[in-house]
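In the numbering used here, the protein residues as written are 1 to 122. C-beta atoms are modelled at their ideal positions from N, C-alpha and C, and glycine is treated no differently. Small disclaimer: the values here were computed from a predicted structure and weren't measured.
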Amino acid sequence: MRKLNSIIDIEAYYNTNLNRIPEKLKEFFQEVINEEHYSKDELVINGIDLGKHATKHLLVLLPLYGRIAKLKLAGLNLKAEGMRRIASAIGKMQMLKKLELPNNNCGTIGAKALAGALRHNP
1 MRKLNSIIDI EAYYNTNLNR IPEKLKEFFQ EVINEEHYSK DELVINGIDL
51 GKHATKHLLV LLPLYGRIAK LKLAGLNLKA EGMRRIASAI GKMQMLKKLE
101 LPNNNCGTIG AKALAGALRH NP
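Shown next, in the form of structure tokens:
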């Protein structure tokens, strides 16, 4: 997936994928488009069954919230593959102090992928 660097890129991505982005994730895209995400110190996303196909939208969002100290992704049903996919994005969040990932069914494989990504995070 191509890395989106500007608000214009994000807005174009959002408009192109509007019908595929889960409703509860749309508010976070709007925060980025409106440049309100810079002031956030935490990101909490609860109870969205992202499944296999919608995880890519989370992958677009996470790098944009790189300054947050707390990340909680609860009940997203990421499973092992989804956790493996987002682990590297989480591992690059240098300001992250608290991480909560309950009820994501990631199993041992997903946990190992996350542990590997966090190994280099201070």
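Backbone secondary structure at residue i - three-state DSSP
| i | result |
| --- | --- |
| residue 27 | helix |
| residue 69 | coil |
| residue 46 | strand |
| residue 1 | Caution applies to residue 1, whose pLDDT of 48 falls short of 50 and renders its modelled position unreliable; the model cannot decide the point. |
| residue 78 | coil |
| residue 85 | helix |
| residue 64 | helix |
Environment of residue i [buried if 16+ CB atoms lie within 10 Å]
| i | result |
| --- | --- |
| residue 38 | exposed |
| residue 84 | buried |
| residue 82 | buried |
| residue 57 | buried |
| residue 95 | exposed |
| residue 12 | exposed |
| residue 51 | exposed |
| residue 18 | exposed |
| residue 55 | buried |
Own chain residues within Cβ distance below 6 angstroms of residue i, not counting five before or after
| i | result |
| --- | --- |
| residue 28 | 61 |
| residue 104 | 76, 78 |
Own chain partners of residue i with C-beta closer than 7 angstroms, once the 5 adjacent residues on each side are dropped
| i | result |
| --- | --- |
| residue 35 | 7 |
| residue 113 | 83, 84, 87 |
The alpha helix (DSSP H) enclosing residue i, as first and last residue numbers
| i | result |
| --- | --- |
| residue 59 | 51-61 |
| residue 92 | Neither: residue 92 is in no alpha helix (DSSP H) and is coded neither H nor E. |
| residue 38 | Looking at the DSSP string, residue 38 is not in any alpha helix (DSSP H), and its letter there is neither H nor E. |
Cβ neighbours of residue i in the same chain (closer than 8 angstroms, five flanking residues each side left out)
| i | result |
| --- | --- |
| residue 59 | 1, 85, 86, 89 |
| residue 10 | 4, 29, 32, 33, 60, 64 |
Opening and closing residue of the beta strand (DSSP E) in which residue i lies
| i | result |
| --- | --- |
| residue 98 | 98-100 |
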